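Protein chains in written order, with my numbering: chain S, 20 to 191; chain H, 820 to 1041. Beta carbons: idealized from backbone N, C-alpha and C, even for Gly. Bear in mind that the values here come from a model prediction, so they are computed numbers and not experimental data. Since the structure comes first, as structure tokens, the remarks are kept for the end.
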């Protein structure tokens, strides 16, 4: 006895597939094709359903996809060339830093850089502190020292003026 | 019955392009879909060649895929200029990711359509938020003018009906009906299960059938 291995399909199931996948049974899920064709051979209702699906397919096919214009093709290929060019371009490397006298003195090792900066600050602070102390306590006769005294006098004068402007109460 | 799908080269776009032409208005079964020549292995080889600096590979990939990506975007957005922007951006992402492409891991056309579809969703979302701010929706002047010149009322009716579908139903019909992709690939592009694809298709096509029922004589020139 030969068993019929083709499973059956109801008209409801047939309609569901026809609605989803259209009239081209070759495009239906593979397991549904044989039962669908078997039903189609014996059912006028199924044939009508397939005609209905075919009508919808035909309506949809009125809308043909657009053809890409040459302008769009040109833009896409220009993009490709741009990206390829970027990929080929050598990666820019930073120019080597100019070697200053400090570097020549202490070397370029990063470990020494904070130390060098600290030493420079200390030296600058020492020089400035000494200069200001000298100018206030023991001004020299040089022109630079005279200028510094002038600045200090002006500061005191401003203090006096503020007294005048605000009145004696301001000092209380 | 077979209507026989004819193919012909598309002028001005290299011999890689073919255009479908269908004979009868009503078809029950057609011949197998035309071979578009998008073999996944070839795509893998081409994207690797492009990453290695071969510009001719870029042209071949473009000829193979740009038309379908543009069709997807056009049917989703119904705006020629926006669809071209999406197609260009999707291809640009392919070029930029070429060096990272792993052959055999995914199908290039699936990946590309997924990218294009997400770009379409982004634009549709922006349109929705713009329309909430009372900004007029973009009108495809070129398409409208063309429709007017061709006096093709049928196409206008059809486009309107498809545009009224929810986004995912529209995308499912595009991928399954117009591109003849399988359920698995359609599901992967849409990011849903195979069962969901069937449901989206069924609901979408039923809605179209109902919407177009009154226009059947016009559309099919009966």
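Residue i versus residue j - alpha carbon distance
i, j, result
"residue 909(H)", "residue 43(S)", "31 Å"
"residue 958(H)", "residue 87(S)", "Note on residue 958(H): pLDDT 49, under 50, position unreliable in the model; the coordinate value appears next. C-alpha separation (whole angstroms): 20 Å."
"residue 976(H)", "residue 1030(H)", "10 Å"
"residue 46(S)", "residue 40(S)", "7 Å"
"residue 102(S)", "residue 93(S)", "14 Å"
"residue 72(S)", "residue 1027(H)", "11 Å"
"residue 168(S)", "residue 138(S)", "In this prediction, residue 168(S) has a pLDDT of 39, which is less than 50 and means its spatial position is unreliable; what the coordinates show is noted afterwards. Residue 168(S) and residue 138(S): Cα-Cα distance of roughly 30 Å."
"residue 107(S)", "residue 870(H)", "10 Å"
"residue 1035(H)", "residue 78(S)", "8 Å"
"residue 944(H)", "residue 905(H)", "14 Å"
"residue 886(H)", "residue 57(S)", "38 Å"
"residue 997(H)", "residue 55(S)", "22 Å"
"residue 864(H)", "residue 903(H)", "26 Å"
"residue 1018(H)", "residue 97(S)", "41 Å"
"residue 916(H)", "residue 984(H)", "33 Å"
"residue 29(S)", "residue 68(S)", "12 Å"
"residue 60(S)", "residue 66(S)", "8 Å"
"residue 1037(H)", "residue 34(S)", "25 Å"
"residue 85(S)", "residue 883(H)", "14 Å"
"residue 62(S)", "residue 876(H)", "51 Å"
"residue 1033(H)", "residue 74(S)", "13 Å"
"residue 143(S)", "residue 105(S)", "48 Å"
"residue 899(H)", "residue 947(H)", "18 Å"
"residue 36(S)", "residue 1015(H)", "13 Å"
"residue 70(S)", "residue 1011(H)", "29 Å"
"residue 878(H)", "residue 50(S)", "39 Å"
"residue 999(H)", "residue 907(H)", "23 Å"
"residue 95(S)", "residue 888(H)", "12 Å"
"residue 843(H)", "residue 861(H)", "Residue confidence for residue 843(H) is low, a pLDDT of 34 falling below 50, so the modelled location carries little weight and cannot support an answer."
"residue 148(S)", "residue 141(S)", "10 Å"
Assumed close pair residue i, residue j - CB separation to whole angstroms, cut-off 8 Å
i, j, result
"residue 980(H)", "residue 1020(H)", "Residue 980(H) to residue 1020(H), Cβ: 15 Å. No contact."
"residue 81(S)", "residue 989(H)", "Not confirmed; about 16 Å, so no contact."
"residue 949(H)", "residue 897(H)", "Contact doesn't hold; Cβ gap of about 15 Å is too wide."
"residue 901(H)", "residue 868(H)", "The Cβ separation is near 31 Å, so there is no contact."
"residue 930(H)", "residue 99(S)", "At roughly 16 Å, the Cβ-Cβ gap does not stay under 8 Å, so residue 930(H) and residue 99(S) are not in contact."
Reference residue i, options the options, closest by Cα
i, options, result
"residue 76(S)", "982(H), 1024(H), 900(H) and 988(H)", "1024(H)"
"residue 993(H)", "865(H), 868(H), 864(H) and 895(H)", "895(H)"
"residue 31(S)", "146(S), 50(S), 95(S) and 64(S)", "64(S)"
"residue 881(H)", "89(S), 81(S) and 74(S)", "89(S)"
"residue 918(H)", "873(H), 903(H) and 1039(H)", "873(H)"
"residue 52(S)", "27(S), 100(S), 62(S) and 105(S)", "27(S)"
"residue 1013(H)", "59(S), 29(S) and 48(S)", "48(S)"
"residue 1009(H)", "1000(H), 1037(H), 933(H) and 1038(H)", "933(H)"
"residue 921(H)", "998(H), 986(H), 866(H) and 1017(H)", "866(H)"
"residue 83(S)", "978(H), 915(H), 878(H) and 907(H)", "978(H)"
"residue 38(S)", "995(H), 987(H), 913(H) and 900(H)", "995(H)"
"residue 9(S)", "876(H), 911(H) and 971(H)", "There is no way to answer for residue 9(S), as the model of chain S reaches only from 20 to 191."
"residue 987(H)", "999(H), 1000(H), 971(H) and 1022(H)", "1022(H)"
"residue 1040(H)", "999(H), 1016(H), 971(H) and 1000(H)", "971(H)"
Worksheet item: Is the segment 922-932 of chain H touching the segment 1003-1015 of chain H in the sense that three or more CB pairs, one from each, lie closer than 8 Å?
Response: yes
Discussion item. I want to know whether the segment 885-894 of chain H touches the segment 929-946 of chain H - three or more CB-CB distances under 8 Å.
Written reply: yes
Practice prompt. Can you give me, in chain order, the residues of the segment 908-934 of chain H that have a beta carbon less than 8 Å from any beta carbon in chain C?
Written response: The chain labelled as chain C is not found among the protein chains of the depicted structure, namely S and H.
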